[in-house]
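Below is one structure, written out as structure tokens; comments come after it.
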Amino acid sequence: MSKILEQLATAIIEGDIDNTPKLVQKALDEGLEPLTILNDGMVMGMNEVGRRFKAGDMFVPEVLMSAEAMQAGLKVLRPLLVASGAKLLGKVIMATVQGDLHDIGKNLVGMMCEGAGFEVIDLGFDVPAERIVQAVKEHKPDIVGLSALLTTTMRQMAYTIKALEEAGLRDKVKVMVGGAPVDEEFAKKIGADGYGSNAAAGAELAKKLVGAA
Amino acid sequence: MEVHKVNYEVNATPTLQILTEDEIEAIYFSSLRVLEETGVRCYNPEGVDILHAHGAHVEDKNLVKVPSWMVERARSTLPKKVTIVGMPDKDGKRKYRMDLVKNSAYWGTGSDTPYTIDPFTLQRRRSTYQDVKNLAIIAEALPNIDFFMSLGITQDTAVGTYDRWQYLAMLEGTNKPINITAVDVEGLRDQLEMAYIRLGGKEEWKKAPAFSLYIEPVSPLSHDPIVIGKLLFCCDNDIPFVYTPCPQAGATAPCTLAGLLVQALSESLFGIVLSQLRKPGAQVIIGGLLSQMDMQTTVMAYGSPEMALLSAAYTDITKWLMVPMYNTSGCSDAKVFDEQAAMEATLNTFIAGLIGGNMIHDVGYIESGLTSSPDMLVATDEIIGMVKRFLQGIPVTRETIPLETIDQVGPGGHYLGTDHTLRHFKTEFWKPTLMDRLDWDRWVKAGSKPMRERVHQRVLEILQAEREPLFDEKMYKELRRICELADERHKGEEMGIGIV
Ligand code: B12
């Protein structure tokens with residue numbers, strides 16, 4: 001691994017938001033391919049972050065800083081990757097469903113997905129199915145992530161999936177669901193594509209759903 | 001040393017204090033600044049109008065900035081004591097009573113867990129109507145549980161109107177005061193109607209409310225339209241309400257505990273101001289589930305020492321403010337009722353008792369508030385018993401320093417047969433009901449049962465005991481009718497997606 005890529009990985013691990021884009025630029029100036037910079041520098045760093053988080057050597061705030069650094073680097077890289085025709089991880093729309101005000105879990109899943117390299121659009125909380133359908137039409141995401149923390153709002157997930165079907169959009173997006181009272185069984189029952197019990201699992205699942213893991 | 005007759009200071013109970021008055025003031029005045037300068041979001045237009053009409057500044061439609069003098073004025077009409085009295089027994093007497101006032105401790109359960117531990121199979125599964133009723137029956141039987149919250153969500157009833165069914169299940173199980181949840185104002189109105197029926201009329205409610213409502217601001221610094229609607233309904237209908245946030249240090253509140261206290265207090269003070277504007281004298285209880293987000297797992301910690309510490313510190317603040325406190329104990333992050341559950345419940349229950357109350361909820365919670373456990377409930381009742389004994393302290397009087405008896409017994413004698421021992425042994429010592437103090441042989445003969453088994457046995461004994469229904473069939477039908485009418489009105493909204 002070249003020195004610059006190593007530095008880039010370290011910057012990501014350290015959550016260095018200022019330096020990461022600069023290092024990306026430097027790597028480009030050195031003539032490295034955008035995809036190499038992404039995969040052999042930034043993603044390497046993020047993988048290490050994931051490993052340390054699992055092992056209990058890194059904690060949520062640090063992981064989120066790394067995710068931000070990742071996004072800061074991607075800002076420079078993304079247009080070049082798109083131009084080169086490289087396949088990006090894609091877009092995730094996150095929303096806490098209608099009637100539900102619990103949003104911190106949803107925020108965490110979104111941030112972890114950003115860390116994995118997704119572009120994330122956050123619709124907030126108490127989001128009606130209709131608005132989610134609208135946003136899917138507008139942003140054409142690869143994944144819709146729905147969060148519900150109440151047994152009374154879980155059914156809104158089913159309703160949202162139905163609304164996506166009715167709008168003819170269901171086969172254009174993958175739907176993943178989560179939140180404390182939600183489980184695998186319920187996810188299957190309502191026809192979601194996947195369930196994740198925590199933010200890290202959510203990001204893993206998202207990668208799997210787009211065929212990247 | 002003999003007891004002096006003059007200038008004699010007693011410590012009638014042990015004391016615990018986390019914050020000094022100066023520290024409390026620093027937190028309080030910081031909260032005032034947050035309310036005045038940062039402001040809070042209030043998404044209920046009626047609420048915003050009331051606040052605006054009485055002097056609050058409103059920016060950007062719903063960003064409300066509350067000047068300090070409004071808080072000070074609201075405090076002048078805020079009740080220092082809230083009394084909630086349970087439902088009548090067969091003899092018409094309402095015997096369970098809570099006077100929520102500075103330094104009085106009452107314990108009760110937590111509400112609305114999606115899961116419960118089945119008392120017969122010990123499997124974790126989604127909770128039902130029967131579970132809520134069973135857990136209420138257990139709470140009714142436990143001497144140290146003073147109020148009930150639905151330890152489980154009824155998930156085998158209609159989803160959108162579950163709250164009425166849940167209230168019915170609780171009423172079937174217990175006459176103790178209840179802290180309810182409601183899906184919306186209509187759900188609250190229905191449950192109030194049920195309470196009137198159960199009490200035998202609105203007049204009885206006027207004498208003393210039989211339930212309080214549990215509502216919450218959304219941390220950080222936001223107030224939901226439906227929640228504010230419920231708050232206003234409570235003010236209009238003499239329903240005491242708990243207005244407490246669930247801030248998580250580091251996630252939905254500042255990472256430092258003092259910072260969290262400031263934010264939580266701002267959130268509750270906002271509820272106090274609005275309620276006192278709506279109706280001077282409206283009965284409010286503040287406090288909360290104050291804890292941190294575990295930075296490894298992202299779980300909101302229910303069993304952490306910080307949770308106990310924050311709740312105790314906040315109690316110091318509520319004592320200074322003279323407003324009843326909603327405290328938290330008897331809960332854990334453990335997945336089953338195990339050693340961790342017992343350790344965490346012991347710590348937080350002890351601290352909640354020592355600091356002085358008032359309405360201490362969440363007894364029976366495991367898995368960070370996601371699962372209710374009958375075993376945890378029964379075990380914590382025993383913990384509370386120990387804590388209550390501790391809180392009685394050591395009275396130091398002529399009677400408790402029996403110099404004459406000491407003199408009589410003298411060196412080398414014993415106290416077993418003395419009058420003094422006879423007079424005191426029944427009241428001086430706490431009597432365990434679950435803790436084991438047998439000698440080895442007798443313990444083996446009794447089946448070598450560890451604590452866990454003894455606790456569970458008690459659960460089964462309570463559930464299998466013969467019991468009379470708390471009210472007759474006619475009353476049951478009238479109450480049930482309210483639930484059915486609600487189902488009927490909301491039939492179209494069920495979406496056909498049951499959970500259980
Ligand atoms: C904090 C909290 C609140 C706060 C939320 C503030 C905020 N900004 O989010 C407030 C005070 C607003 C609140 C309100 C209420 N709450 Co609440 N709340 C909680 C509490 C204590 C913690 C939730 C939390 O933040 N956890 C930490 C986060 C990080 O975890 P998380 O949300 O579970 O998310 C993780 C995973 O689930 C997963 N995940 C989440 N979403 C998604 C999505 C996808 C796609 C994936 C893959 C993964 C995923 O990843 C996340 C990160 O690891 C829970 C108890 C609990 N242990 O869950 C109760 C709880 C969820 N609330 C409950 C209740 C009853 C209520 C109220 C009805 C109370 C009332 N009487 O008013 C109201 C409802 C308001 C409404 N309409 O939504 C009940 C649920 C009951 C039910 N019907 O199912 C619970 C279980 C507590 C209880 N036993 O009473 N609450």
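Chains as they are written, first to last, in our numbering: chain S, 1 to 213; chain B, 1 to 500. Virtual Cβ for every residue (Gly too), placed ideally from N, Cα, C.
- Using a Cβ distance threshold of 7 angstroms, Tyr326 of chain B and Ile285 of chain B count as a contacting pair.
- Under the 10 Å beta carbon count, Lys176 of chain B is surrounded by 16 or more other beta carbons and is classified as buried.
- Ser266 of chain B carries a helical assignment under DSSP once its states are collapsed to helix, strand and coil.
- Here Asp362 of chain B is buried: its Cβ has 16 or more other Cβ atoms, across all protein chains shown, within 10 Å.
- Remark: the shortest separation between the CB of Glu216 of chain B and any heavy atom of the ligand B12 falls under 6 angstroms.
- Glu478 of chain B and Gly393 of chain B have their C-alpha atoms roughly 48 angstroms apart.
- Classified as exposed, Lys61 of chain B has fewer than 16 neighbouring CB atoms from the shown chains inside 10 Å of its CB.
- Taking the Cα positions, Lys90 of chain B is about 12 angstroms away from Arg198 of chain B.
- For Thr252 of chain B, the nearest beta carbon of chain S is closer than 7 angstroms to its own beta carbon.
- Assignment of Gln248 of chain B by DSSP, reduced to helix, strand and coil, places it in the strand class.
- Looking at B:Ile482, B:His490, B:Gly492, B:Lys491, the one whose alpha-carbon comes closest to that of Leu192 of chain B is B:Ile482.
- The beta carbon of His52 of chain B is closer than 6 angstroms to those of Val58 in its chain, skipping five residues each way along the sequence.
- Remark: the C-beta of Leu277 of chain B is outside contact range of the ligand B12, defined as less than 6 angstroms to any heavy atom.
- The contact set of Pro181 of chain S on chain B, defined by CB atoms closer than 7 angstroms, consists of Pro114 in chain order.
- Not a single heavy atom of the ligand B12 lies less than 6 angstroms from the C-beta of Gly281 of chain B.
- Contact note: Gly160 of chain B reaches chain S through Thr152, using a C-beta cutoff of 8 angstroms and chain order.
- The three-state reading of DSSP puts Asn327 of chain B in strand, counting E and B together.
- Taking Asp338 of chain B as the centre and dropping the five residues before and after it, the same chain places the C-beta of Arg452 closer than 8 angstroms to its C-beta, in chain order.
- Taking CB atoms only, Gly15 of chain S has no neighbour in chain B less than 7 angstroms away.
- In the DSSP annotation of this structure, the continuous segment of the alpha helix (DSSP H) that includes Thr318 of chain B starts and ends at 305–321.
- Following the DSSP letters along the chain, one finds Leu213 of chain B in no alpha helix (DSSP H) but inside the beta strand (DSSP E) bounded by residues 211–215.
- By alpha-carbon distance to Glu216 of chain B, the top candidate from B:Cys42, B:Thr20, B:Leu391, B:Asp439 is B:Cys42.
- Under the Cβ criterion (8 angstroms, minimum of three pairs), the segment 153–163 of chain S counts as touching the segment 175–189 of chain S.
- For Thr328 of chain B, the shortest C-beta to heavy atom distance toward the ligand B12 is 6 angstroms or greater.
- Taking C-beta atoms as the reference points, Ala486 of chain B and Asp190 of chain B count as a pair closer than 7 angstroms.
- Taking 7 angstroms as the cut-off, the beta carbon of Lys207 of chain S is found no closer than this to the beta carbon of Ala201 of chain S.
- Taking C-alpha positions only, Trp165 of chain B is separated from Asp193 of chain S by approximately 33 angstroms.
- Runs of the beta strand (DSSP E) lying entirely within the segment 155–189 of chain S, each at least 3 residues long, are 174–178 in chain order.
- The segment 184–198 of chain S makes no contact with the segment 369–383 of chain B, as fewer than three CB pairs between them are under 8 angstroms.
- Here Leu63 of chain B has Gly39, Arg41 as same chain residues with Cβ atoms under 7 angstroms from its own Cβ, once five neighbours each way along the sequence are excluded.
- Checking the 6 angstroms criterion, the Cβ of Asp100 of chain S is within range of a heavy atom belonging to the ligand B12.
- Listed along the chain, the chain S residues whose CB falls inside 7 angstroms of the CB of Ile153 of chain B are Thr151.
- Here DSSP, grouped into helix, strand and coil, assigns Asn179 of chain B to strand.
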